[in-house]
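What follows is a set of notes on a single structure, which appears directly below.
In this note's numbering, the protein residues as written are 411 to 541.
Quick look at the structure:
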């Protein structure tokens, strides 16, 4: 699954009355470049995550990742948003990662605190996302 396919999957799954959730996508440079008719590169400021989601009364920032790793995750997977994730967590906010493993063909879920504590994790340390 490509990163774009993974983001679209999460967006479609959690934009659902059945799950009592709504989700909103932040635009990024890739989105703007795709829409640019002039062919010029468009650069946006970095977003704190891919989405913001409310589910069952709880709002969280949501980052979607894909990986080819057989063993688990490493810090490189999370570097881009780490500073903004930490700012959100330090202010008492919620941050969630949905991670798709292309080797295991399944989704995993992790809190921002769990990843901040140690981003180098084995798959057996994660909860599977069953949706």
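Glycine included, each C-beta is placed from N, C-alpha and C at the ideal position.
| query | result |
| --- | --- |
| Pairwise C-alpha distance: residue 492 and residue 423 | 25 Å |
| Within 8 Å, strictly: CB atoms of residue 498 and residue 524 | no |
| Nearest-angstrom Cα separation, counted from residue 487 out to residue 495 | 13 Å |
| Inter-stretch contact at 8 Å, needing at least 3 Cβ pairs: the stretch 473–482 / the stretch 501–513 | yes |
| Span of the alpha helix (DSSP H), counted from its first residue to its last, around residue 433 | Per DSSP, residue 433 belongs to no alpha helix (DSSP H); it is in the beta strand (DSSP E), 431–435. |
| Residue 463 - containing alpha helix (DSSP H), residue span | No alpha helix (DSSP H) contains residue 463, which is instead part of the beta strand (DSSP E) from 461–465. |
| Helix, strand or coil at residue 525 according to DSSP, with G and I counted as helix | helix |
| Per DSSP, the bridge partner or partners of residue 482 | 532 |
| Nearest-angstrom Cα separation, counted from residue 526 out to residue 500 | 11 Å |
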